[in-house]
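Reviewing the structure listed below.
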Amino acid sequence: MTPSVIRPLSGRNPEFYEMSCPKCGWKETLELDPCEMDVISLSGEPDRGPRSVTRLPKKCPECGAKLQKKKLPITVFN
Ligand SMILES: [Zn+2]
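In our numbering, the protein residues as written are 160 to 237.
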């Protein structure tokens, strides 16, 4: 599923990345949000959707191998 976000007046688009480990298969979708602003929760549950991080991890939390990142296309409504 493509993440959809609404961020009026923020002046920038959030970026989503799929981080994956080529070694052990660990995978997580993360939202890169260096400013941690305009956090929108559609359901009120904090753990819904991609985790928001200020910095992308470089190493796999499971095995320590170097992660691969893939930028995900997103839909932004203004
Ligand atoms: Zn790994």
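C-beta: ideal position from N, C-alpha, C; glycine also.
Here the structure is a predicted model, which means the values were calculated and not measured.
For L231, the enclosing beta strand (DSSP E) has its first and last residue at 227–231. Counting only residues of its own chain and dropping the five nearest sequence neighbours on each side, E187 has a CB closer than 6 Å to the CB of M178. Taking the CA atoms as reference points, R210 sits about 5 Å from L189.
Residues of the same chain with a CB within less than 7 Å of the CB of L215, apart from the 5 flanking positions on each side, are Y176, M178, L189, L191, K228 in chain order. For C180 and K217, the gap between their C-alpha atoms comes out near 10 Å.
Taking each of W185, K182, C219, V212 in turn and checking the Cα distance to P173, the smallest one comes out for V212. Under a 10 Å Cβ-count criterion, C222 is classified as exposed, with fewer than 16 other Cβ atoms of the shown protein chains found around its own Cβ.
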